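Colleague:
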Amino acid sequence: MSTSSKKKMFALPAAAAVASALMVGCAEETPVQEAEEAGPTAEAAILDETVTMQNEVTEIVGPNLFTVGEDDTPVVGVDAAAQDIQDGDMVQVTGTVRQIVQTDVESEWDWDFDNDEMDYLVERELDLAVIADEVRELPAK
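Per mature numbering (1 follows the signal peptide of the UniProt record, and there is no 0), the sequence shown runs over residues -27 to -1, 1 to 114.
As structure tokens, then:
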């Protein structure tokens, strides 16, 4: 098989993963998880992109950070308590995918993270997160 053919074979699944990641994500997996599973090319393609996903809240880490989906995708920048978001709620999140880098968290992300949130972000350094522009609770089904 030629090098060109090998590249095309890799590029097609990666492109499909990115395309599905940029659509509304629903159910258990998040667009972030799909990109992470597809590999570095898909992860790079989703960085700094806006995604909208509908998933269950899996953990409230602190006032500025909660997780959604089966992979615990971090969602940053929304005061969950103020919006009465709790573990188990279905939410729709729209935001920008960013890589968690501690120096960026401290200098660029303009939130006052508590110790639990900072510990969580340090543990997940280099993973992808969603910086939320909008979060809304979905009605229970």
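Idealized CB from N, CA, C, for every residue including glycine.
Since this is a predicted model, take the numbers as computed values, not measurements.
Measuring CB atoms only, is the stretch 15 to 27 touching the stretch 66 to 77, in the sense that at least three cross pairs come out at less than 8 Å?
Modeller: They touch, by the three-pair rule.
Colleague: Taking the C-alpha atoms as reference points, what is the distance between Glu29 and Asp106?
Modeller: As a working note, residue 29 is residue 56 in the sequence shown. As a working note, residue 106 is residue 133 in the sequence shown. Each residue's alpha carbon lies about 18 Å from the other.
Colleague: Mind checking whether Ile58 and Glu110 have CB atoms under 8 Å apart?
Modeller: Here residue 58 corresponds to residue number 85 of the sequence shown, with the count starting at 1. Here residue 110 corresponds to residue number 137 of the sequence shown, with the count starting at 1. For Ile58 and Glu110, yes; Cβs fall inside 8 Å.
Colleague: What do you get for Val51, buried or exposed, if any count of 16 or more other CB atoms within 10 angstroms of its CB means buried?
Modeller: By 1-based counting over the sequence shown, the position of residue 51 is 78. Classification for Val51: buried.
Colleague: May I ask which residues mark the beginning and end of the beta strand (DSSP E) holding residue 140?
Modeller: Lying before the first or after the last residue shown, residue 140 is absent from the chain, which here runs from -27 to 114.
Colleague: Nearest by alpha-carbon distance to Ala8: which of Asp89, Leu101, Thr76, Asp45 is it?
Modeller: Working through the sequence shown from its first residue, we reach residue 8 at position 35. Comparing Cα-Cα distances from Ala8 to each of Asp89, Leu101, Thr76, Asp45, the minimum goes to Leu101.
Colleague: Considering only DSSP beta bridges, list what Val5 is partnered with.
Modeller: To locate residue 5, count along the sequence shown from 1; it is residue 32. DSSP, once it has assigned bridges, lists no residue as partnering Val5.
Colleague: Do you know how far the Cα of Phe86 is from the Cα of Val103?
Modeller: Indexing the sequence shown from 1 puts residue 103 at position 130. Indexing the sequence shown from 1 puts residue 86 at position 113. About 15 Å.
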